[in-house]
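The block underneath contains the structure these notes are about, expressed in structure tokens.
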Amino acid sequence: MPERRRLCPLTAALALAAALGLPAGCSLSYEEARVSEQMAPEIPDTVMVGFTHTVVDEGRVWVRLSARRAEGYDQSKRIVLDGVSFQEFDRQGSLATEAAADRAVYHSDSENAEVTGSILIRSPQEKATLTAESLSWIKDGRRLSSGPGQGVRLAKEDGSFLEGRGFQADFRRRRLEFSEGASGGYVEGEDAGP
Numbered sequence: 049m050p051e052r053r054r055l056c057p058l059t060a061a062l063a064l065a066a067a068l069g070l071p072a073g074c075s076l077s078y079e080e081a082r083v084s085e086q087m088a089p090e091i092p093d094t095v096m097v098g099f100t101h102t103v104v105d106e107g108r109v110w111v112r113l114s115a116r117r118a119e120g121y122d123q124s125k126r127i128v129l130d131g132v133s134f135q136e137f138d139r140q141g142s143l144a145t146e147a148a149a150d151r152a153v154y155h156s157d158s159e160n161a162e163v164t165g166s167i168l169i170r171s172p173q174e175k176a177t178l179t180a181e182s183l184s185w186i187k188d189g190r191r192l193s194s195g196p197g198q199g200v201r202l203a204k205e206d207g208s209f210l211e212g213r214g215f216q217a218d219f220r221r222r223r224l225e226f227s228e229g230a231s232g233g234y235v236e237g238e239d240a241g242p
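Quick note: the sequence shown uses the working numbering, first residue 49, plus one each step.
Shown next as structure tokens:
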């Protein structure tokens with residue numbers, strides 16, 4: 049008959065305690081998972097550096113969007129662009145609109161956006177520019193607005209300008225307004241210069 053080894057009572061007790069305590073001590077850390085979920089909206093799912101997106105249809109470039117850095121947040125459905133520039137072209141391929149800003153936050157679920165920092169929008173065809181520090185685009189209703197107290201300046205190449213605070217533009221109705229401090233100057237004739 050083979051000889052059986054006997055464990056010393058202390059070793060047996062430790063082995064039994066370890067076996068019984070293993071399931072209790074091996075629980076999943078749900079708190080860490082909760083913290084990770086809470087942090088998830090603040091951690092980008094995608095990061096691109098030197099990002100350029102070009103929309104081409106029927107062999108023509110229609111839109112070009114570039115950013116120094118782009119971060120995608122899937123959970124909150126937003127894209128954050130730093131050092132952003134935008135160009136839109138007409139059917140003939142001429143530049144229709146160009147824009148630049150320090151930062152833009154685009155909400156992919158609503159297609160709304162907030163743009164901040166050194167905003168410049170220029171229309172070569174209209175010979176006009178818009179400058180601001182903060183603007184919001186609301187796709188539903190096609191509205192562009194600055195916050196209350198935020199200044200916006202519209203200027204034509206001929207020297208005409210309009211500026212004020214509390215800017216609102218309704219592109220469906222082709223209407224714009226300032227809620228406070230509007231002022232400006234108008235230059236008659238196309239040959240007049242600044």
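Beta carbons: idealized from backbone N, C-alpha and C, even for Gly.
If you draw a straight line from the Cα of V132 to the Cα of D157, it comes to about 20 Å.
Straight-line spacing of the CA atoms in R170 and P92 works out to 31 Å.
With fewer than 16 neighbouring CB atoms inside 10 Å of its own CB, F219 falls in the exposed class.
Here E90 carries a helix assignment [DSSP, helix/strand/coil]. Taking the Cα of F226 as reference, the smallest distance to any Cα among T102, G237 and E211 is reached at E211. The criterion of a C-beta distance shorter than 9 Å is not satisfied by F209 and A217.
Annotated three-state conformation of Y234 is coil, per DSSP. Only buried fits V200, as 16 or more other CB atoms lie within 10 angstroms of its CB. Going by DSSP, G214 is part of the beta strand (DSSP E) stretching over F209 to D218. Our two residues, R117 and G237, have alpha carbons roughly 43 Å apart in a direct line. For R191, the enclosing beta strand (DSSP E) starts and ends at R191 to S193. Residue pairing by DSSP places Q140 in no beta bridge whatsoever. In the DSSP assignment, K204 falls within the unbroken beta strand (DSSP E) covering G199 to K204. A buried status is given to R126, since no fewer than 16 other beta-carbon atoms sit within 10 Å of its beta-carbon. The C-beta of S182 has 16 or more other C-beta atoms within 10 Å across all chains shown, which makes the residue buried.
Only exposed fits V104, as fewer than 16 other CB atoms lie within 10 angstroms of its CB.
Between Q140 and L113, the CB-CB gap reaches or exceeds 9 Å.
Inside the stretch 121-192, DSSP marks whole beta strand (DSSP E) runs of 3 or more residues at positions 126-137, 143-155, 160-171 and 176-186, from first to last along the chain. For the pair S194 and F215, the CB atoms are nearer than the 9 Å cut-off.
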